[in-house]
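In my numbering, the protein residues as written are 4 to 211. Using N, Cα and C, we set each Cβ at its ideal position, and we do this for glycine too.
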Ligand code: OGA
Ligand code: NI
């Protein structure tokens, strides 16, 4: 266990209450360095690809909507991220236990937004695909400062909540209700992003 039950319960309460929760210093320096080492390795091996919009059947690369480059993770292959995946499992157990969510499966990618890129306001559930329950973001920008941009805007009722993408910060939100946007970043912006699913990836398509 990385965190106590009391700690998880507190975060899950905030998520239930507000539809999102921000946790600073969620990952250790060691985990941060491990993830960044992996990130750099994938970047030098040219594994990051331009992200698209839509599902497998209906996939389009739309630079005008989102400008990030991503690499989908595989728990069995990307063993360098073992401790991160263990922490993810702990998160899933806590969500099942304290938020009564029936989760099975998850999908994660690392993402780099080059300077000048953004992701327009959207919801993480596509029309054809409704199995994303919880969005998980871990920000990885060690020397982020005001003016660097790349903040995440959460649109909630008539509020706009700004989340700065500072290193080791966790953001969780409910994928079906929280509209959000990534503001234009002035510097390269790094994150680890994922979704907790209520069905295995790939079969969350509505029939008919
Ligand atoms: C996404 C997304 C937000 C962020 O990948 O769907 O909204 O802060 N990312 O990177
Ligand atoms: Ni999103």
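How about residue 141 and residue 177: are their beta carbons less than 8 Å apart?
Stepping through the chain shown from its first residue, residue 141 is reached at position 138. Stepping through the chain shown from its first residue, residue 177 is reached at position 174. Cβ distance not < 8 Å, so residue 141 and residue 177 don't count as in contact.
Start and end of the beta strand (DSSP E) containing residue 109?
Taking the chain shown and counting its residues from 1, one reaches residue 109 at position 106. Unbroken beta strand (DSSP E) run through residue 109: 109-116.
How many angstroms separate the CA atom of residue 93 from the CA atom of residue 99?
Against the chain shown, residue 93 aligns to sequence position 90. Against the chain shown, residue 99 aligns to sequence position 96. Cα to Cα, the separation comes out at about 10 Å.
Under the assumption that residue 101 contacts residue 15 (Cβ atoms under 8 Å), give the Cβ distance between them as a whole number of angstroms.
Locating residue 101 in the chain shown gives position 98, counting from the first residue. Locating residue 15 in the chain shown gives position 12, counting from the first residue. So it is a contact: roughly 4 Å between Cβ atoms.
Does DSSP put residue 29 in a helix, in a strand, or in coil?
Locating residue 29 in the chain shown gives position 26, counting from the first residue. Residue state, collapsed to three classes: coil.
Got a sec, what are the start and stop residues for the beta strand (DSSP E) residue 140 sits in?
Position 137 of the chain shown, counted from the start, is the residue given in the question as residue 140. Its beta strand (DSSP E) spans residues 135-142.
Buried or exposed: where does residue 32 fall if 16 or more other Cβ atoms within 10 Å of its Cβ makes it buried?
Within the chain shown, residue 32 is the residue found at index 29, counting from 1. Classification for residue 32: exposed.
Within 7 Å: the Cβ of residue 49 and any heavy atom of the ligand OGA?
Residue 49 sits at position 46 when you count from the first residue of the chain shown. False, no ligand heavy atom lies under 7 Å from that Cβ.
Answer with buried or exposed for residue 82, where buried requires no fewer than 16 other C-beta atoms within 10 angstroms of its C-beta.
The residue you call residue 82 lines up with position 79 of the chain shown. Result: exposed.
Can you grab the Cα-Cα spacing for the pair residue 186 / residue 156, in whole Å?
Position 183 of the chain shown, counting from 1, holds the residue named residue 186. Position 153 of the chain shown, counting from 1, holds the residue named residue 156. Straight-line Cα distance between these residues: approximately 7 Å.
Just tell me which of 189, 159, 133 has its CA closest to the CA of residue 148.
The residue you call residue 148 lines up with position 145 of the chain shown. When each option's Cα is compared against that of residue 148, the closest is 189.
Can you tell me the Cα-Cα spacing of residue 115 and residue 192, whole angstroms?
On the chain shown, residue 115 is found 112 positions in, with the first residue counted as 1. On the chain shown, residue 192 is found 189 positions in, with the first residue counted as 1. Rounded to whole angstroms, residue 115 to residue 192 spans 6 Å at the Cα level.
Per DSSP, what are the beta-bridge partners of residue 24 in this structure?
For this step, residue 24 is matched to residue 21 along the chain shown. Its beta-bridge partners are 175.
In three-state terms, what does DSSP make of residue 60?
By 1-based counting over the chain shown, the position of residue 60 is 57. Its pLDDT being 49, under 50, residue 60 is placed unreliably in this model, and the value from its coordinates should be taken loosely. DSSP places residue 60 in coil when its eight states are reduced to three.
Going by C-alpha to C-alpha distance, which of 154, 122, 5 sits closest to residue 143?
Start at 1 with the first residue of the chain shown, and residue 143 comes out as number 140. Selected option, being the one with the closest Cα: 154.
Might you give, ordered along the chain, the residues of its own chain that have their beta carbon closer than 7 Å to the beta carbon of residue 60, omitting 5 neighbours on each side?
Locating residue 60 in the chain shown gives position 57, where the first residue counts as 1. Reliability of the predicted coordinates at residue 60 is poor, the pLDDT of 49 falling under 50, and the value obtained from them is presented with this limitation in mind. Excluding residues within five positions, none has a Cβ falling inside 7 Å.
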